[in-house]
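K.L.:
In the numbering used here, the protein residues as written are 2 to 110. Beta carbons are placed, not taken as given, at the ideal position from N, Cα and C, and that holds for glycine. Pasting in a structure now, in structure tokens, and then I'll have a few things to ask.
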């Protein structure tokens, strides 16, 4: 699919599912796109009320200091929007677990 990492610039983003542990996790990695590195591990856990998902993403922006400058201004905001949208769609489709709320943390960059 196509993404717009910067205003006025659109590029293709191709990821590949590279690892699968049925019932536990799967990993997608960028093959072509806006990041220097994108490694996204999706954990899936059965819990009493249903299924809980956790995402761990390691990514690196291109362009050195310019990419680091763009992170808090553009990229972090876009990632928050992407995962907020995904959370709302998953909630619409599958419901929510009472007492559980989604959170998005950026631990390091």
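(1) I'd like to check one pair, residue 32 with residue 16: are the Cβ atoms closer than 8 Å?
(2) Measure the CB-CB distance between residue 28 and residue 98 and report whether it falls below 8 Å.
(3) Ends of the beta strand (DSSP E) at residue 83?
(4) Using a Cβ-Cβ cutoff of less than 8 Å, which residues in the same chain neighbour residue 79 once the five nearest sequence positions on both sides are dropped?
(5) Which residues in the same chain as residue 104 place their Cβ atom closer than 6 Å to its Cβ, once the five residues preceding and following it in sequence are excluded?
P.N.:
Reading off the structure:
(1) yes
(2) no
(3) From DSSP, residue 83 is part of no beta strand (DSSP E) but of the alpha helix (DSSP H) over 77-95.
(4) 6
(5) none
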